[in-house]
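Novice: Quick one: the structure is below, and I'll ask about it shortly.
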Amino acid sequence: MEIRQTVEIRVRGTVQGVGFRPTVWRLACDEGLVGEVLNDGFGVLIRTTGNSGAISQFLTRLNNEAPPLSQIEDIETHVLNLLDFEDFRIAESIAGENCTRITPDAAICDACRAEVLDPKERRYSYPFANCTHCGPRFSIVKEVPYDRVNTTMSDFPMCADCKSEYLQPADRRFHAQPIACPTCGPTIWLEKMETNGTSPHLAPLDSAIELLKSGKVVAIRGLGGFHLACDATNADAVQRLRQRKHRYGKPFALMARDLDVIRRYCNLTPVHAELLQSPEAPIVLIPADGPEKLPHGIAPGLNAVGFMLPYTPLHLLITQQIDQPLVMTSGNISDEPQVTSLDRARSGLRGIADAMLMHNREIANRIDDSVVRIVAGKPSLIRRARGYAPSAVALPSGFDGAPDLLAFGGELKATFCVLKDGAAILSQHQGDLEDVSTFEDYQKNLHLYSKIYDHRPRMLVADMHPEYLSAKLAKQRAGDDKLPLLEVQHHHAHIASCMVENGIALDSPPVLGIAIDGLGFGGDGTIWGGEFLLADYQSYRRVAAFKPVAMVGGVQAIREPWRNTYAHLVAAQGWSQFAENFSTLDLYRYLSAKPLKTIDRMLETGLNVPLASSCGRLFDAVAAALGLCADHALFEGQGAMELEALAEKWPSSPDEEPYNFAINEAGGLLYLESLPMWQALLEDLGRQAPVPQMALRFHYGLARAIRDMVARIRGMRWANSLNTVALSGGCFQNKLLLEEVVRLLETDGLRCLLHAKVPSNDGGLALGQAAIAAARHINTGSSEFSL
Ligand SMILES: [Zn+2]
Ligand SMILES: [Zn+2]
Numbered sequence: 204m205e206i207r208q209t210v211e212i213r214v215r216g217t218v219q220g221v222g223f224r225p226t227v228w229r230l231a232c233d234e235g236l237v238g239e240v241l242n243d244g245f246g247v248l249i250r251t252t253g254n255s256g257a258i259s260q261f262l263t264r265l266n267n268e269a270p271p272l273s274q275i276e277d278i279e280t281h282v283l284n285l286l287d288f289e290d291f292r293i294a295e296s297i298a299g300e301n302c303t304r305i306t307p308d309a310a311i312c313d314a315c316r317a318e319v320l321d322p323k324e325r326r327y328s329y330p331f332a333n334c335t336h337c338g339p340r341f342s343i344v345k346e347v348p349y350d351r352v353n354t355t356m357s358d359f360p361m362c363a364d365c366k367s368e369y370l371q372p373a374d375r376r377f378h379a380q381p382i383a384c385p386t387c388g389p390t391i392w393l394e395k396m397e398t399n400g401t402s403p404h405l406a407p408l409d410s411a412i413e414l415l416k417s418g419k420v421v422a423i424r425g426l427g428g429f430h431l432a433c434d435a436t437n438a439d440a441v442q443r444l445r446q447r448k449h450r451y452g453k454p455f456a457l458m459a460r461d462l463d464v465i466r467r468y469c470n471l472t473p474v475h476a477e478l479l480q481s482p483e484a485p486i487v488l489i490p491a492d493g494p495e496k497l498p499h500g501i502a503p504g505l506n507a508v509g510f511m512l513p514y515t516p517l518h519l520l521i522t523q524q525i526d527q528p529l530v531m532t533s534g535n536i537s538d539e540p541q542v543t544s545l546d547r548a549r550s551g552l553r554g555i556a557d558a559m560l561m562h563n564r565e566i567a568n569r570i571d572d573s574v575v576r577i578v579a580g581k582p583s584l585i586r587r588a589r590g591y592a593p594s595a596v597a598l599p600s601g602f603d604g605a606p607d608l609l610a611f612g613g614e615l616k617a618t619f620c621v622l623k624d625g626a627a628i629l630s631q632h633q634g635d636l637e638d639v640s641t642f643e644d645y646q647k648n649l650h651l652y653s654k655i656y657d658h659r660p661r662m663l664v665a666d667m668h669p670e671y672l673s674a675k676l677a678k679q680r681a682g683d684d685k686l687p688l689l690e691v692q693h694h695h696a697h698i699a700s701c702m703v704e705n706g707i708a709l710d711s712p713p714v715l716g717i718a719i720d721g722l723g724f725g726g727d728g729t730i731w732g733g734e735f736l737l738a739d740y741q742s743y744r745r746v747a748a749f750k751p752v753a754m755v756g757g758v759q760a761i762r763e764p765w766r767n768t769y770a771h772l773v774a775a776q777g778w779s780q781f782a783e784n785f786s787t788l789d790l791y792r793y794l795s796a797k798p799l800k801t802i803d804r805m806l807e808t809g810l811n812v813p814l815a816s817s818c819g820r821l822f823d824a825v826a827a828a829l830g831l832c833a834d835h836a837l838f839e840g841q842g843a844m845e846l847e848a849l850a851e852k853w854p855s856s857p858d859e860e861p862y863n864f865a866i867n868e869a870g871g872l873l874y875l876e877s878l879p880m881w882q883a884l885l886e887d888l889g890r891q892a893p894v895p896q897m898a899l900r901f902h903y904g905l906a907r908a909i910r911d912m913v914a915r916i917r918g919m920r921w922a923n924s925l926n927t928v929a930l931s932g933g934c935f936q937n938k939l940l941l942e943e944v945v946r947l948l949e950t951d952g953l954r955c956l957l958h959a960k961v962p963s964n965d966g967g968l969a970l971g972q973a974a975i976a977a978a979r980h981i982n983t984g985s986s987e988f989s990l
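Going by this note's numbering, the first residue of the sequence shown is number 204, and it counts up by one from there.
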């Protein structure tokens with residue numbers, strides 16, 4: 204029997220600033236309910252009176268018809284004493300405790316796009332149109348609650364028309380905080396570095412478009428920072444931009460008007476297309492195998508290019524008028540963070556851009572474009588920023604008692620992680636902290652997050668590396684604030700981050716973690732980077748590793764990859780044996796011309812030649828042996844990326860013999876030994892095998908070696924129930940390697956945990972650090988593994 208009742212409904216998740224209350228209002232009115240809905244510090248609160256049947260119908264529809272940018276995590280209902288309401292209304296927000304959910308920025312929605320392109324609309328050609336389903340969010344937030352006064356839109360009082368849309372629950376812009384129009388909102392203008400160039404009578408947008416078409420470089424203030432743009436099909440313009448920006452090796456991201464333009468250069472799969480058109484609108488790495496070719500300077504040495512679609516009305520209006528793709532690279536100088544402010548653009552980008560398309564909506568949070576690659580048919584984030592951050596990563600079951608804490612992340616591709624009220628908020632990509640201004644920006648953002656989330660951590664977490672700036676800062680902060688500091692091993696954090704995003708429960712049995720990357724500080728004080736760890740959240744046991752090889756000159760070995768080739772050859776077979784057998788090789792002549800005496804002396808004395816079990820350095824060594832980036836790498840991993848790109852060019856065939864690795868044991872640890880691989884590779888070099896073929900054999904060989912190592916580990920007495928493998932670390936951004944490893948391990952009946960929403964590179968470390976610290980806090984009783 205239907206009874207009339209009053210129910211209080213608490214909705215948690217990402218439910219503010221996404222059009223949630225109007226949806227509630229519409230559904231409640233549809234179902235004939237009376238009551239009220241409001242935002243408070245915990246999410247959305249609804250009190251409603253009506254027939255029990257109507258209320259339950261309302262709840263079902265709320266789940267099914269929630270607005271596109273919302274994410275409901277939890278709905279709780281309580282029956283109250285019967286309350287009388289006249290109608291259903293949207294009540295004033297209650298500023299309560301700060302909310303842990305801020306919505307990421309979202310790409311322009313179809314309705315706003317149509318409006319901006321329609322001459323009959325009042326927002327025709329307006330670069331800042333947005334609504335509750337799209338537009339700026341995190342990039343303009345200064346404080347919570349998320350209301351206009353707490354965003355950088357506070358400088359723009361609404362006009363009467365906007366105000367009336369803002370107040371209409373049935374309007375798409377009801378309570379859209381960044382609402383704006385040509386009458387009241389932000390404006391654009393163009394600043395030219397030289398007075399000549401464009402007609403003085405053109406509007407800023409048209410001038411910018413004219414400059415771009417004529418091969419000029421235009422700095423464009425966007426959503427989360429400045430871009431530098433030029434015609435991507437103009438090789439001279441691309442080259443000029445590289446020279447002025449001092450960016451020589453790293454690929455440039457592109458923006459194109461629509462999928463049809465991208466299809467001229469790339470064969471798009473439905474997965475690519477869906478991702479490009481999603482509200483997150485990331486840069487998607489796509490094989491450049493379409494009918495038309497882009498200039499070499501776009502992505503030197505690589506097969507894939509990074510494309511994105513216009514995600515703001517400003518970008519839409521620019522690309523509408525241009526048939527070519529545009530380079531749309533971060534507006535910065537070499538490794539510094541992307542420029543956000545007008546002043547910094549005027550001073551910093553002056554020598555790079557021919558003109559600057561400016562606007563006056565301030566950027567509160569710098570946020571780069573996210574980068575995604577499709578691996579094993581699924582999106583996998585390489586850089587997590589715009590569109591994804593700061594949405595919370597759900598912690599798996601068992602983490603309910605997690606304390607509020609702050610994890611400082613790593614050093615390169617740094618992020619940090621705020622753990623609050625059981626939600627893990629991983630910051631947007633910050634960059635490489637060794638750059639002074641990036642480190643300053645990282646500290647600024649730490650402060651900003653603590654303010655936005657009203658975060659008072661009870662514990663700090665950092666990497667074990669004594670030289671990481673993030674770890675030093677954490678130490679200092681722990682001292683100043685008298686907080687406990689937990690140092691977490693680098694590769695354990697990688698594995699834990701992979702476990703978290705795969706929802707592995709806190710009390711699950713250990714997995715076998717395979718973490719391969721450039722380098723991280725090892726549990727024994729040496730450098731690790733090719734690790735097989737038996738791990739759960741609380742602890743790990745190193746069971747196998749790549750055989751350590753000297754890094755000649757420390758970090759110098761990263762910049763000059765030939766040093767790794769030499770060190771690997773010396774470690775594998777000794778120089779004299781190499782000279783004896785392979786003196787006819789170009790590689791022998793090439794290396795002989797290097798200052799080997801000095802290097803040998805360093806190796807003898809052990810001065811500045813740290814041993815590293817690094818997979819990244821092995822890739823460097825092999826790439827350099829094949830002539831890729833041998834003298835200099837312009838960025839870490841360049842050789843590995845080019846090696847992968849070459850290997851992809853060789854037709855994969857079951858007849859392709861993988862290079863062999865050996866497995867040895869020493870001191871209770873299994874080692875992956877590369878001597879047989881080098882023998883086979885040098886013989887291939889001797890018979891002048893095609894470089895792509897050798898690159899493929901190396902990839903297949905390494906994948907098989909990893910599989911063999913896993914099989915060997917599973918053969919041990921203690922490991923017979925081990926059935927899950929977690930794959931993490933920057934080297935698993937190599938699609939060819941990852942897909943082959945997964946194929947082999949799954950053939951052996953193993954379950955593989957992969958990264959998707961959190962990068963496998965050091966951008967994911969902070970999440971793993973947070974999980975490990977929380978696990979140890981929750982479950983202080985348990986101990987190390989007994990094997
Ligand atoms: Zn919209
Ligand atoms: Zn207006």
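For each residue, glycine too, the CB sits at the ideal point set by N, CA and C.
(1) What is the DSSP secondary structure of I1038, counted as helix, strand or coil?
(2) Which residues does DSSP pair with T927 in a beta bridge?
(3) Between the C-alpha atoms of A294 and Q219, what's the straight-line distance to the nearest angstrom?
(4) Looking at the strands, I want to know which residues DSSP matches up with C992.
(5) What do you reckon, are the CB atoms on V462 and Q480 nearer than 9 Å?
(6) DSSP on E346, reduced to helix/strand/coil?
(7) Rank A491, L545, L241, A257 by C-alpha distance to the C-alpha of V508 and give the top, closest one.
(8) Within the same chain, show all residues whose beta-carbon is closer than 6 Å to that of R586, passing over the 5 residues directly before and after it, in chain order.
(9) Specify which residues have a beta carbon nearer than 5 Å to any heavy atom of ligand 2, listing them in chain order.
(10) Near S989, what residues of its chain come up, given a Cβ to Cβ distance below 6 Å and the 5 sequence neighbours on each side ignored?
(11) Using the C-alpha atoms, what's the distance from I628 back to G216?
(12) Use the C-beta contact count for Q972: other C-beta atoms within 10 angstroms, 16 or more gives buried, fewer gives exposed.
(13) Based on DSSP bridge pairs, tell me the residues matched to R564.
(14) Relative to the C-alpha of S1029, which candidate in A383, D374, L370, A363 has its C-alpha closest?
(15) Just verifying my parser: in three-state terms, what is the DSSP assignment at Y369?
(16) In chain order, what residues of the same chain have a beta carbon less than 6 Å from the beta carbon of A974, not counting five sequence neighbours either side?
(17) Closer than 5 Å from C-beta to any heavy atom of ligand 1: which residues, in chain order?
(18) For V746 versus S816, is the C-beta distance shorter than 9 Å?
(19) Quick check: the Cα distance between E346 and T927, rounded to an integer number of angstroms?
(20) Please check the pair D720 and G819, which I expect to be a contact at CB under 8 Å, by giving their CB distance rounded to whole angstroms.
(21) Relative to the C-alpha of C433, which residue among V420, R744, K395 is closest?
(22) Given a cut-off of 9 Å, decide if L236 and R264 are closer than it, judged by their beta-carbon atoms.
(23) Less than 9 Å between the C-beta atoms of A617 and D965, yes or no?
(24) Please report how far the alpha carbon of L941 lies from the alpha carbon of S963, in whole angstroms.
(25) First and last residue of the alpha helix (DSSP H) that includes K416?
(26) In this structure, how does DSSP classify H668 when only helix, strand and coil are distinguished?
(27) Leaving out five residues before and five after L672 in sequence, what residues of the same chain have Cβ atoms less than 6 Å from its Cβ?
(28) According to DSSP, is K453 helix, strand or coil?
(29) Go ahead and pull the three-state DSSP assignment for S877.
(30) Using the beta-carbon count (16 or more within 10 Å), is Q759 buried or exposed?
(31) Look at the Cβ atom of A610, then the Cβ atom of L970, and state whether they are nearer than 9 Å.
Specialist: On the basis of the data shown:
(1) Any answer about residue 1038 is impossible in this case: the structure gives the chain only from 204 up to 990.
(2) Checking the DSSP bridge columns, you'll see T927 partnered with R954.
(3) A294 and Q219: Cα-Cα distance of roughly 14 Å.
(4) This structure cannot speak to residue 992, because the chain is shown only from 204 to 990.
(5) According to the sequence as given, residue 462 is Leu; it is not Val. Against a cut-off of 9 Å, the Cβ pair of Q480 and L462 comes out as a contact.
(6) Note: E346 maps to coil in three-state DSSP.
(7) Minimum Cα distance to V508 is reached at A491.
(8) Result list for R586: S573, V574, H632, in chain order.
(9) Those residues, listed in chain order, are C362, C365, C384, T386, C387.
(10) For S989, the predicted structure reports a pLDDT of 45, less than 50, and the residue's modelled location is therefore unreliable. A value from the coordinates is still provided. For S989, where only same-chain residues beyond five positions count, there are no Cβ hits under 6 Å.
(11) G216 and I628: Cα-Cα distance of roughly 13 Å.
(12) Under this definition Q972 is a buried residue.
(13) In DSSP, R564 forms no bridge with anything.
(14) In the structure displayed, the chain extends from 204 to 990; residue 1029 sits before or after that span and is not available.
(15) The answer is helix: DSSP assigns Y369 an H, G or I state.
(16) Excluding positions up to five away in sequence, the list reads A699, V703, Y740.
(17) Having a Cβ closer than 5 Å to some heavy atom of ligand 1 are C312, C315, C334, H336, C337.
(18) Their beta carbons are not under 9 Å apart, which means V746 does not touch S816 by this criterion.
(19) Straight-line measurement puts the Cα of T927 at about 42 Å from the Cα of E346.
(20) Confirmed, Cβ separation roughly 6 Å.
(21) When only C-alpha atoms are compared, the closest one is V420.
(22) At a Cβ-Cβ threshold of 9 Å, R264 and L236 do not count as neighbours.
(23) Contact flag set, yes.
(24) L941 and S963 have their alpha carbons spaced roughly 11 Å apart.
(25) Here the alpha helix (DSSP H) through K416 covers 407-416.
(26) Coil at H668, not helix or strand.
(27) L636, F642, listed in sequence order.
(28) Here K453 sits in coil by DSSP.
(29) Residue state, collapsed to three classes: coil.
(30) By the 10 Å Cβ count, Q759 comes out exposed.
(31) Less than 9 Å separates the beta-carbon of A610 from that of L970.
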